[in-house]
Ligand code: UD1
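Residue numbers (this note's numbering): 1 to 344.
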């Protein structure tokens, strides 16, 4: 008998969430096969995973859009489950280059699904996003809160991918799917061996804050302080990437152990606590004792005023709950930035 509980194929496993999830899976007794084309990540990410878990991991440099290369992975490796992370994720870029997003995010995904079906591998875990809720009418959002029409091609790929998975689960015997809707993942592994590595100017709040603290950016722009929220800045649900990784393990356990109640299930993965941009910034400054110059500027197009999760379903069904303390998370983000920049 294998020494592992099972094997999980992790596409996009050199990325930010992929690396942390690979570590969490290995720590939970799974083996992993990681594939990535390094289009938005570096080989050092795999080395980071190996250092943390203290062993070599199976890695293949494969583009999931290349079905022949991907078929080889299925031929060479046995696994019951895939976690499909491989995708582009820059909202703004997707507005200017929609086809790049539809091609990459959907072709890679359908290749995975096609091969899961062909090779009779039963479980698909898909990385969805809170972006599917758009500007929700009621907060916090539950999984039943109606999705709003996507406002970007990126967001649309998430909605379409959820629907494709639902349809496949309905149609194909033995096919099971879970979509995890992530809120705003932040933080890094406490070892500072893996973390988020944005290329160019970061779009997301925390990488911009840490780069400003490191002196790479002059000043953080806070996008709007005239929203109808307690301090006028947007409210989000910031989830530590380690907690997020554990949610994947819980979802994989549920599939592998045959505990799913429906063939296709959706779970919100957040903390359930809304935090404003200014609150997050001030917590970061205080937790790390660093300075982050900022200015208030106009709202960013496409931002919703507030979104946070009702996590009741994930708490109950996955037996999972976000646990990390926000100050620890913010310290981990800063430690990672310092590690990347060689700051003592
Ligand atoms: C964004 C995407 C979302 C995606 C997620 C993960 C948009 C509209 N949404 O979420 O679809 O799933 O990233 O990649 O882009 N902020 C500033 N200054 C900055 C950066 C951000 O004030 O320099 C504010 C934003 O206005 C927002 C909050 O910080 O209120 C969080 O922004 P961000 O980290 O980009 O995440 P989202 O926009 O929530």
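Note that the Cβ used here is the ideal one computed from N, Cα and C, for glycine as well.
For the alpha helix (DSSP H) that contains residue i, what are its first and last residues?
{"i": "residue 209", "result": "205-213"}
{"i": "residue 89", "result": "Premise fails: residue 89 is in no alpha helix (DSSP H) and is neither H nor E."}
{"i": "residue 339", "result": "326-341"}
{"i": "residue 98", "result": "98-101"}
{"i": "residue 108", "result": "108-118"}
{"i": "residue 246", "result": "241-256"}
{"i": "residue 23", "result": "16-27"}
Any idea if residue i is buried or exposed, counting beta-carbon neighbours within 10 angstroms, 16 or more meaning buried?
{"i": "residue 168", "result": "buried"}
{"i": "residue 146", "result": "exposed"}
{"i": "residue 38", "result": "exposed"}
{"i": "residue 312", "result": "exposed"}
{"i": "residue 65", "result": "buried"}
{"i": "residue 201", "result": "exposed"}
{"i": "residue 149", "result": "exposed"}
{"i": "residue 175", "result": "buried"}
{"i": "residue 140", "result": "buried"}
{"i": "residue 101", "result": "buried"}
{"i": "residue 99", "result": "exposed"}
{"i": "residue 259", "result": "exposed"}
{"i": "residue 211", "result": "buried"}
{"i": "residue 112", "result": "buried"}
{"i": "residue 267", "result": "buried"}
{"i": "residue 248", "result": "buried"}
Taking just the CA atoms, how far does residue j sit from residue i?
{"i": "residue 73", "j": "residue 253", "result": "23 Å"}
{"i": "residue 234", "j": "residue 46", "result": "35 Å"}
{"i": "residue 264", "j": "residue 208", "result": "36 Å"}
{"i": "residue 323", "j": "residue 13", "result": "23 Å"}
{"i": "residue 344", "j": "residue 293", "result": "20 Å"}
{"i": "residue 24", "j": "residue 186", "result": "16 Å"}
{"i": "residue 291", "j": "residue 213", "result": "6 Å"}
{"i": "residue 114", "j": "residue 83", "result": "14 Å"}
{"i": "residue 4", "j": "residue 142", "result": "34 Å"}
{"i": "residue 162", "j": "residue 339", "result": "36 Å"}
{"i": "residue 105", "j": "residue 86", "result": "7 Å"}
{"i": "residue 285", "j": "residue 237", "result": "19 Å"}
{"i": "residue 21", "j": "residue 77", "result": "19 Å"}
Provide the residue span of the beta strand (DSSP E) that contains residue i, from first to last.
{"i": "residue 53", "result": "Looking at the DSSP string, residue 53 is not in any beta strand (DSSP E); the run it does join, the alpha helix (DSSP H), is 43-53."}
{"i": "residue 225", "result": "Taken as a continuous stretch (DSSP letters only), residue 225 belongs to no beta strand (DSSP E), as it is neither H nor E."}
{"i": "residue 77", "result": "Note, residue 77: premise wrong, no beta strand (DSSP E); not H, not E."}
{"i": "residue 8", "result": "7-11"}
{"i": "residue 58", "result": "58-61"}
{"i": "residue 184", "result": "184-186"}
{"i": "residue 264", "result": "264-269"}
{"i": "residue 201", "result": "Unbroken run through residue 201: none, as it is neither H nor E."}
{"i": "residue 34", "result": "31-36"}
Regarding residue i and the ligand MN, is the C-beta to nearest heavy atom distance less than 8 Å?
{"i": "residue 169", "result": "Of the ligands this structure carries, namely the ligand UD1, none is the ligand MN."}
Taking 9 Å as the CB-CB limit, is residue i close to chain D?
{"i": "residue 122", "result": "The displayed structure is made up of one protein chain only, and chain D is not part of it."}
Just list the alpha helix (DSSP H) runs in the segment 283-324, keeping only unbroken ones of 4 residues or longer that don't cross its boundaries, in chain order. none
At 4 residues or longer, what runs of the alpha helix (DSSP H) sit wholly inside the segment 116-182?
153-171
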